[in-house]
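In my numbering, the protein residues as written are 4 to 217. Shown next, in structure tokens, is the structure this report addresses.
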């Protein structure tokens, strides 16, 4: 067997075994790229949920704060306006990574998607070659999210909004909603028990092969 043939066989083996099979017998793998959006306002529990989904599925997780926070660790005097600029740049980085990934790749993207227009997201998805998308929406009440944000103030890096943001966050919780560019699974983050990741994962495997970007 030639080196080229061996490489092709390895690539086929990797692609087939990277694909997930749902309980309904449908393989998730295809030539386009696939995105699982884990969406929610700040302090809604989306990052913890995205991490658990990544561990369950083995899919790479790309996090807006995960990209932005190293810059906040090294930059002094970051105000809210500059923090927002870093957020926009980090958002663009996420889609650049997806665009450079091989066909058939699957990513979990952890972000508050509502901070940028829906049309910009559509543009990024098209440029990155994403053909399948589902959204996990973290629904949370104003009271619960305010308490969560306040409890984490001491853990947040300088540059993130402080206690003055809580009133704005409460108002955001009243009006925020999913992007609705594909099937949506809503998670009740007001419950004391963590979400059942197995159920969400099964839903993703069922919906992803048939999803279309709206």
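Virtual Cβ for every residue (Gly too), placed ideally from N, Cα, C.
Linking residue 132 to residue 169 through their CA atoms gives a straight-line distance of about 37 angstroms.
A check of alpha carbon separations from residue 114 across 69, 102, 215 identifies 69 as the nearest.
In the DSSP assignment, residue 188 falls within the beta strand (DSSP E) that extends over 187 to 191. No Cβ-Cβ contact shorter than 8 angstroms links residue 142 with residue 112. The criterion of a C-beta distance shorter than 8 angstroms is satisfied by residue 155 and residue 46.
Sorting 192, 185, 126 by C-alpha distance to the C-alpha of residue 150 places 192 at the top.
Bridge partners of residue 111 according to DSSP: 39, 64.
If you compare the alpha carbons of 81, 97, 61, 67 with that of residue 49, the shortest gap goes to 67. For the pair residue 217 and residue 175, the CB atoms are not nearer than the 8 angstroms cut-off.
Per DSSP, residue 155 lies in no alpha helix (DSSP H) segment and is marked neither H nor E.
When beta bridges are read from the DSSP output, residue 139 appears opposite 41, 188.
Here residue 73 carries a helix assignment [DSSP, helix/strand/coil].
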